[in-house]
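Take a look at the structure set out below.
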Amino acid sequence: MSTPVAPSREDRKRCWESRDIYFSCLDAAQVVVPGEEGTKCDAQKKAYGTDCAKSWVDYFNKRRVLAERQKATLKEVERQRLEAEAKGFRR
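Under my numbering, think of the first position of the sequence shown as 490, with each following residue one higher.
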């Protein structure tokens, strides 16, 4: 069995561009979890899967979900902070 060849700079660039285009489509469709968009982003998803190694796709997809959860958590913390300040609580 041969050792897999590392992707070239151009391969990585193409992968990242395909990922960004696919994730932009997901954002436009208001979908957080890749794969839950139905047929809305089929062309972009296909290019993403073709241009990126499966391990990269898995990583980027998990990272997207985690980042969206972190954003939601930070937004909620900020909302609670503003609510507490409005009630007269200070740090």
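Note that beta-carbon positions come from the ideal geometry of N, C-alpha and C, so glycine has one too.
Remember, it's a predicted structure, so these values are computed and weren't measured experimentally.
CB-CB under 6 Å to residue i, same chain, minus the five flanking residues each way: which ones, in chain order?
i	result
Val445	No answer is possible for residue 445: the residues shown for the chain start at 490 and end at 580.
Tyr537	Ser507, Arg508 and Tyr511
Ala575	none
Near residue i, which residues of its chain fall below 7 Å by C-beta distance, leaving aside the five closest residues on each side in sequence?
i	result
Trp545	Cys504
Cys530	Tyr511, Cys514, Leu515 and Ala518
With distances taken from CA atoms, which of the options is nearest residue i?
i	options	result
Ser513	Lys534, Lys576 and Pro493	Lys534
Glu557	Val520, Lys576, Phe578 and Thr492	Val520
Rounded to whole angstroms, what's the CA-CA distance from residue i to residue j? Just pull it up for me.
i	j	result
Glu565	Glu572	10 Å
Asp516	Glu499	25 Å
Tyr548	Arg570	33 Å
Ser497	Asp540	12 Å
Lys502	Lys551	20 Å
Hey, would you say residue i sits closer than 7 Å to residue j, going by beta carbons?
i	j	result
Ala518	Glu526	yes
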